[in-house]
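Residue numbers (the working numbering), protein chains in the order written: chain A, 2 to 147; chain B, 2 to 147. In what follows, a structure is listed as structure tokens, so that the remarks can point back to it.
There are 2 protein chains.
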Amino acid sequence: MMVFGPPDGEQLAHTRALFAQAHADAAPDPRVEALVVELIGRVAGKWTMLVLEFLTEHGTLRFTQLARLVEGISQKMLTQTLRQMERDGLLTRTVHPVVPPRVEYALTPRGLTLGAAFCGVWVWAAENLVEVEAARQRFDTKGQMP
Amino acid sequence: MMVFGPPDGEQLAHTRALFAQAHADAAPDPRVEALVVELIGRVAGKWTMLVLEFLTEHGTLRFTQLARLVEGISQKMLTQTLRQMERDGLLTRTVHPVVPPRVEYALTPRGLTLGAAFCGVWVWAAENLVEVEAARQRFDTKGQMP
DNA sequence: ATGCATGCTCTCCTTTTGGTAAGTATGTAT
DNA sequence: ATACATACTTACCAAAAGGAGAGCATGCAT
Numbered sequence: 002m003m004v005f006g007p008p009d010g011e012q013l014a015h016t017r018a019l020f021a022q023a024h025a026d027a028a029p030d031p032r033v034e035a036l037v038v039e040l041i042g043r044v045a046g047k048w049t050m051l052v053l054e055f056l057t058e059h060g061t062l063r064f065t066q067l068a069r070l071v072e073g074i075s076q077k078m079l080t081q082t083l084r085q086m087e088r089d090g091l092l093t094r095t096v097h098p099v100v101p102p103r104v105e106y107a108l109t110p111r112g113l114t115l116g117a118a119f120c121g122v123w124v125w126a127a128e129n130l131v132e133v134e135a136a137r138q139r140f141d142t143k144g145q146m147p
Numbered sequence: 002m003m004v005f006g007p008p009d010g011e012q013l014a015h016t017r018a019l020f021a022q023a024h025a026d027a028a029p030d031p032r033v034e035a036l037v038v039e040l041i042g043r044v045a046g047k048w049t050m051l052v053l054e055f056l057t058e059h060g061t062l063r064f065t066q067l068a069r070l071v072e073g074i075s076q077k078m079l080t081q082t083l084r085q086m087e088r089d090g091l092l093t094r095t096v097h098p099v100v101p102p103r104v105e106y107a108l109t110p111r112g113l114t115l116g117a118a119f120c121g122v123w124v125w126a127a128e129n130l131v132e133v134e135a136a137r138q139r140f141d142t143k144g145q146m147p
């Protein structure tokens with residue numbers, strides 16, 4: 002699926018206008034900038050995004066279920082990730098006072114919309130994966146023979 | 002501006018459907034997942050996003066111009082950020098063989114669309130900034146008095 | 001000869017990040 | 001009495017990120 006062709010002026014201008022508009026609307030506030038950077042940084046940690054993904058798919062999950070799904074994550078990182086997301090109001094943490102303890106996590110509406118907001122990036126990556134990899138190869142090989 | 006109300010089932014289902022659809026379309030490939038994580042991680046480094054921003058706004062910029070605009074960045078980080086973006090085909094680097102050297106950077110169409118893809122996150126942050134900060138305060142203050 | 005401007009690169013050092021492994025609390029099962 | 005399960009927390013350590021500052025190549029101006 003070709004989303005954009007050659008550096009066509011019209012397409013470019015359109016994309017630029019979209020971007021500039023969003024910035025004009027939303028970005029004069031440095032606090033927004035800070036939140037975006039911090040938030041993206043968090044989501045980028047690879048764990049947050051995976052948690053977001055699994056909770057979106059499954060609805061509600063327990064600590065150990067998440068630990069199994071997000072394979073490779075340590076308990077420490079899972080706890081940390083979940084706490085941060087809870088603090089930001091992205092998910093709810095429900096402790097059932099039983100033994101052994103049972104804690105359930107579920108996204109809030111705000112968590113769901115954040116997941117949706119990252120869809121654009123997902124789609125971009127899927128659409129551009131091949132081209133990016135090709136670009137990297139070109140970049141890495143050229144310059145090796147003088 | 003209220004974008005979503007209480008945990009209304011319909012809204013939730015809709016958002017979830019959007020997210021799940023995008024994932025069904027784009028995410029079965031682990032390479033996509035890896036690229037998304039890596040890419041978001043990069044953009045999150047706060048420098049990449051700023052460079053993306055300024056180049057979107059200004060079109061073409063020289064090294065020193067970028068260094069001035071992206072205040073706080075070190076030469077090392079600016080160079081590194083620009084090289085990575087060039088490698089990924091997000092921007093072009095044009096060296097003019099004059100003295101003193103003159104190097105110009107401009108986004109490729111792919112760089113522009115990536116910027117556009119991050120708009121969703123940007124908008125989300127602007128819309129949810131107040132609520133997220135409130136949620137953090139609530140989280141931080143509760144639990145301090147037993 | 002000296003200095004300056006640009007766009008880097010390289011080294012050193014500090015901060016941050018993240019993993020491993022162990023410990024904790026609690027009640028139930030054996 | 002002992003072991004176990006769950007959901008953490010804490011201490012320690014290694015790796016990675018990132019900032020400061022110096023060095024470098026080049027040619028023109030003084």
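Beta carbons are placed, not taken as given, at the ideal position from N, Cα and C, and that holds for glycine.
Distance between beta carbons of residue j and residue i, contact taken as under 8 Å
i	j	result
residue 113 of chain A	residue 57 of chain A	7 Å
residue 41 of chain A	residue 74 of chain B	17 Å between Cβ atoms; not a contact.
residue 127 of chain A	residue 33 of chain B	5 Å
residue 55 of chain B	residue 104 of chain B	With 8 Å as the limit, residue 55 of chain B and residue 104 of chain B do not qualify as a contact, their Cβ atoms being about 15 Å apart.
DSSP-derived helix/strand/coil call for residue i
i	result
residue 99 of chain B	coil
residue 105 of chain A	strand
residue 56 of chain B	helix
residue 91 of chain A	coil
residue 119 of chain A	coil
residue 74 of chain A	coil
residue 47 of chain B	coil
residue 26 of chain B	Only weak support exists for where residue 26 of chain B lies, its pLDDT of 46 falling under 50; the coordinates are left without a value.
residue 5 of chain A	Residue placement at residue 5 of chain A cannot be trusted, given a pLDDT of 30 that sits under 50; what the coordinates show is reported in the next sentence. Reduced to three states, the DSSP call for residue 5 of chain A is coil.
residue 129 of chain B	helix
residue 139 of chain B	helix
residue 134 of chain B	helix
Proximity of residue i and residue j at Cβ, strictly below 8 Å
i	j	result
residue 37 of chain A	residue 44 of chain B	no
residue 87 of chain A	residue 140 of chain B	yes
residue 125 of chain A	residue 115 of chain B	yes
residue 106 of chain B	residue 67 of chain B	yes
residue 93 of chain B	residue 109 of chain B	yes
residue 129 of chain A	residue 111 of chain B	yes
residue 79 of chain A	residue 71 of chain A	yes
Near the ligand NAP: residue i beta-carbon under 7 Å from a heavy atom
i	result
residue 116 of chain B	Ligands in the displayed structure: none, and consequently the ligand NAP is not present.
For residue i: DSSP bridge partner residues
i	result
residue 62 of chain A	A:106
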